[in-house]
Amino acid sequence: MAQKDLFSDEHQRYSQRLSEVEERRAQTVQPSQPQERIGHKNRGIKIYRYLTNGERVLKLILLFGGVLLLMLYVISPLSKVDRVTVKGNHDLSAAAVEQATRVQPGRYIWGVMLSQHSASQQANRRNPQVAKVSYQLRGPRAVQITVRENPIVGTVEIGQRDYNVLANGQLKAAKGDQSKIQYQSFDHHRQKLTTTAIQLGRLKPVVRNGISTVCYQPQKNAPNRLVIYMRDGNTVYANLTTVGKKMAYYPAIAATMKEPGVVDLQVGAFSYSYKSREQ
Numbered sequence: 008m009a010q011k012d013l014f015s016d017e018h019q020r021y022s023q024r025l026s027e028v029e030e031r032r033a034q035t036v037q038p039s040q041p042q043e044r045i046g047h048k049n050r051g052i053k054i055y056r057y058l059t060n061g062e063r064v065l066k067l068i069l070l071f072g073g074v075l076l077l078m079l080y081v082i083s084p085l086s087k088v089d090r091v092t093v094k095g096n097h098d099l100s101a102a103a104v105e106q107a108t109r110v111q112p113g114r115y116i117w118g119v120m121l122s123q124h125s126a127s128q129q130a131n132r133r134n135p136q137v138a139k140v141s142y143q144l145r146g147p148r149a150v151q152i153t154v155r156e157n158p159i160v161g162t163v164e165i166g167q168r169d170y171n172v173l174a175n176g177q178l179k180a181a182k183g184d185q186s187k188i189q190y191q192s193f194d195h196h197r198q199k200l201t202t203t204a205i206q207l208g209r210l211k212p213v214v215r216n217g218i219s220t221v222c223y224q225p226q227k228n229a230p231n232r233l234v235i236y237m238r239d240g241n242t243v244y245a246n247l248t249t250v251g252k253k254m255a256y257y258p259a260i261a262a263t264m265k266e267p268g269v270v271d272l273q274v275g276a277f278s279y280s281y282k283s284r285e286q
């Protein structure tokens, strides 16, 4: 029994010693694994930094390259207007619109577009018939001008000179067009003429084109009285502050008249023939 116990004790000590040796070996091998992982991680960080730095450099190259190309385009002939089209003009010719806006072949496109906000004011100062303009690009070197005109609503003689009267009340030197409305007796009543022109500018062309002459003939009880001579032979009495609204009824009234006469639009609206007034 003693020998068995002794053998058992030695075996137990041997097993314990063997386990200690294995434990020490495991401790010496285990730290190398994190070192390998850390080294691998460091290499990944270096590669990531290299890629991100390359991406930044590429972005800078593209940015400065784009700026350089833009600058070259701005000063090159490719940025100059080659073709101009005009839309919306009626009384004005395309050449007159181009001259008023200064948008003509050879001008830089970027200059045209940058002046968009003040284009209408500048064009109206050069030609009062231009009420509003806008620009649109219709190609790399093509610009379209869209214009809204101040229609010519007649002519007036002031200081022995003839002027076209525009729908906004402005005057423009006339060129002898006798087909327009003639304004008379407004020589010293410039504000009355402006109000009348604005009123008639609201009429449809079919009604306005039927007017031959507009005379300012105030009376004691009617300081804003107008006498309007129509091309169909009728005479209209109207108030210059309401003529734009009331003349819209003229075609319907004239259609009920059997012979030429007077259409009174000063207060209400009624008509009578010249013969009945003489009687």
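According to our numbering, the sequence shown is numbered sequentially starting from 8. For every residue, glycine included, the Cβ atom is placed at its ideal position computed from N, Cα and C.
Item checked: 6 Å CB neighbourhood of Asn131 in its chain, flanking five on each side removed -> Val137
Notebook entry, point to check: From which residue to which residue does the alpha helix (DSSP H) around Leu200 run?
Noted result: Arg197 to Gly208
Margin query: For Val269 and Tyr281, I'd like the C-alpha separation in whole angstroms.
Written below: 7 Å
Next item on the list: In the DSSP assignment, find the unbroken alpha helix (DSSP H) run with Thr108 in it and report its ends.
Entry: Ala101 to Thr108
Next item on the list: Leaving aside the five residues before and after Ser39 along the sequence, list all residues of the same chain whose C-beta is less than 6 Å from its C-beta, in chain order.
Entry: Low confidence applies here, because Ser39 scores a pLDDT of 48, under 50, leaving its location unreliable and the question unanswered by this model.
Checklist line | Cross-strand partners of Leu144 (DSSP beta bridge) | finding: Val150
Margin query: Is the beta carbon of Gln273 closer than 8 Å to that of Arg209?
Written below: no
Notebook entry, point to check: Span of the alpha helix (DSSP H) holding Thr92?
Noted result: Where Thr92 is concerned, there is no enclosing alpha helix (DSSP H), although the beta strand (DSSP E) it sits in stretches over Arg90 to Lys94.
Note to self: Going by the DSSP bridge assignment, what does Phe277 pair with across the sheet?
What the structure shows: Asp271
Notebook entry, point to check: Is it the case that the Cβ atoms of Thr162 and Ala181 are separated by a distance below 8 Å?
Noted result: yes
Next item on the list: Report back the beta-carbon spacing between Tyr190 and Val221 to the nearest angstrom; my notes put them in contact at under 8 Å.
Entry: 5 Å
Check: Do the CB positions of Gln206 and Leu144 come within less than 8 Å of each other?
Finding: no
Next item on the list: Please report how far the alpha carbon of Gln177 lies from the alpha carbon of Pro135, in whole angstroms.
Entry: 7 Å
Check: Is the distance from the Cβ of Lys199 to the Cβ of Tyr223 below 8 Å?
Finding: yes
Margin query: I need the DSSP call for Ile188, collapsed to helix, strand or coil.
Written below: coil
Next item on the list: Mark Arg215 as exposed unless 16 or more other C-beta atoms lie within 10 angstroms of its C-beta, in which case mark it buried.
Entry: buried
Next item on the list: Less than 8 Å between the CB atoms is what I'm expecting for Val154 and Ala174, so what's the real figure, rounded?
Entry: Not quite, the Cβ-Cβ distance comes to about 14 Å (not below 8 Å), so this is no contact.
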